[in-house]
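Residue numbers (our numbering), protein chains in the order written: chain P, 37 to 291; chain X, 37 to 291.
For reference, the structure discussed in these notes is given below.
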DNA sequence: GAGTGGTCTAGACCACCAG
DNA sequence: TGGTGGTCTAGACCACTCG
């Protein structure tokens, strides 16, 4: 008595839901528009709220939605392209639109992995904290590790910490004339302090960019920058940014 | 009557759990070791299974754990560095260890976003499917879009589809002498077909690398490659890969 | 068939934001 | 103060792997 099998592919509910919502976003909603709340949406689709949330989480991960506690769920704008390749690193945090803003500076022992890249031991290094803004939005938080030996001429007159000190370290580093860099990108989750700077909850997905700066045959500095994965598209390469993200995702999802 | 506030930071349980588990992984487990099952772990920590799973999901996202249905949860090895910067793209899918393996080739209309980058209309393009292996593990799946106009000398003798056709398109593309490339990286979730190739569930987090290849002043091809975000660290840059990931994460988490 | 992780439910309470 | 998303619970069943 073979049961007729019914070719039920058994697609998970949240997956199907995500597809439906994605199509609805394309056709029925404008960027910035507020969606119905989770309880209503769940009821409307006849699923538990947890299941609905699973679909929303995926869409947020893909940069389609933005959720804020106490406010609601809105349709996110397309991801912004953020250049990370430029050789002319904005060490001074100038007045350009895509600048890093120095926030603070401390002298601490580097994490062991960073120390290994720097070739230093456990002696303290300068740790410069910077925030990157784009269009008035914080998109990245960075910790820049600079061994004292890289910036020997750092004036003792400058403040021992704070923004002034940070700018001084960056200035000295800039004068070194860095020769090249080595970079890697991986997925991570935001530490509590980074999450706060980026206006996200702890654990939010981030793209961790680790950069090693060379000068005079050695590693002069190491940067660990965390970019908001929901809103950012990291761009590399010689020419300008490529300007497509949102549409592409729609296409990819559709197939 | 000010309530004494008690400085209860109200750290979520799953966040604390994640920290505890992370430390346990560092001290008490070896790579590849199997953890107790989720029901036991949840009982041991006195939380619901769903809460325990939230912590495990984060750790998997960070590449610390690997979970397989019907098998169990194991301690993941450090992420592998995968180079994506090399100019000498392995068009032919050679016999080197880090090669792309051509799988298939079809002639289809490109998604609109891809068509926009190519500057083509709706006419069909060659779509080459490739898989990238590292250490015997599939780490990336790619769709390479090549307009027919880019490879005019493509022999009609070659098969109209399949691996043979794929290799023929790659060979012709290689002969063009590509001049440069433009690249972007963003977070995405695996489509069903990519997930299957990568041995992951649909929706698994992936790093989507979009590359635009130039030749003779135009865009000769566009590649959309999806890398497993859990196991891969994408490396760019002039020199070799930087060899740190796992330890670094431990350090970052600890602070 | 036994055991694993994956999905789903129907509740509850909390932290946060705005009017 | 009311409404939102964020966290958490205690169950249930399913899909998958393996011996």
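Note that the Cβ used here is the ideal one computed from N, Cα and C, for glycine as well.
Predicted model only: the values in this text are computed from it and were never measured.
| query | result |
| --- | --- |
| Presumed contact (8 Å Cβ cut-off) between residue 85/P and residue 100/P, rounded CB distance | With 8 Å as the limit, residue 85/P and residue 100/P do not qualify as a contact, their Cβ atoms being about 19 Å apart. |
| Pick from 90/X, 77/X, 141/X that is closest to residue 200/X, judged by C-alpha positions | 141/X |
| Beta-bridge partners of residue 248/P, as assigned by DSSP | 218/P, 258/P |
| DSSP-derived helix/strand/coil call for residue 199/P | helix |
| Interface residues of chain P facing residue 94/X [CB-CB closer than 7 Å] | 225, 239 |
| Amino acids of chain P, ordered along the chain, whose beta-carbon sits closer than 9 Å to that of residue 97/X | 223, 224, 225, 239, 241 |
| Residues within the region 101-124 of chain P neighbouring chain X, beta-carbon criterion of under 7 Å | 115, 117 |
| Alpha helix (DSSP H) segments (min. 4 residues) lying fully within the region 65-125 of chain X | 74-81, 85-97 |
| Contacting residues, own chain, Cβ-Cβ under 7 Å from residue 164/X (five flanking each side not counted) | 138, 141, 180, 182, 202, 205, 206 |
| 8 Å Cβ cut-off: residues of chain P touching residue 58/X | The premise fails here: residue 58/X is roughly 11 Å from chain P at the closest Cβ pair, so nothing lies under 8 Å. |
| Residues of its chain near residue 51/P, where Cβ-Cβ distance is below 6 Å and the 5 sequence neighbours each way are ignored | none |
| Cβ contact (3+ pairs, closer than 8 Å) linking the region 105-117 of chain X and the region 217-226 of chain X | no |
| Minimum Cβ-Cβ distance from residue 265/X to chain P less than 7 Å | yes |
| Chain-order list of residues whose beta-carbon lies under 8 Å from that of residue 191/P (same chain, five-residue window excluded) | 204 |
| CB-CB length for residue 186/X against residue 212/X, believed under 8 Å | 7 Å |
| Residue-chain proximity (residue 13/P, chain X), Cβ-Cβ < 7 Å | Chain P is shown from 37 up to 291; residue 13/P falls before or after that span and cannot be answered. |
| Inter-residue Cα distance where the pair is residue 88/P and residue 77/P | 7 Å |
| Reduced DSSP category for residue 152/P - H, G, I as helix; E, B as strand; rest coil | helix |
| Residue 233/X in three-state terms, based on DSSP | helix |
| Buried versus exposed, by CB contacts within 10 Å (16 or more), residue 252/P | exposed |
| Inter-residue spacing [alpha-carbon to alpha-carbon] between residue 57/X and residue 90/X | 12 Å |
| Proximity test, Cβ basis, 7 Å: residue 212/X and chain P | no |
| Backbone secondary structure at residue 189/P - three-state DSSP | coil |
| Three-state secondary structure assigned by DSSP to residue 52/X | helix |
| Within 7 Å, strictly: CB atoms of residue 216/P and residue 250/P | yes |
| Cβ-based burial, residue 107/P [other Cβ within 10 Å; buried from 16] | exposed |
| Where residue 67/X falls, given that 16 or more other Cβ within 10 Å makes a residue buried | exposed |
| Closest by C-alpha distance to residue 244/X, when choosing among 71/X, 175/X, 79/X, 151/X | 175/X |
| Collapsed DSSP secondary structure at residue 162/X in the structure displayed | strand |
| Cβ pair residue 242/P, residue 265/P closer than 7 Å | yes |
| Buried/exposed call for residue 225/X, threshold 16 Cβ in 10 Å | buried |
| Simplified DSSP state of residue 240/P, which is helix, strand or coil | coil |
| Strand pairing of residue 224/P, partner residues [DSSP] | 242/P |
| CB contact below 7 Å: residue 272/P versus chain X | yes |
| Beta bridge counterpart(s) of residue 169/X as assigned by DSSP | 174/X |
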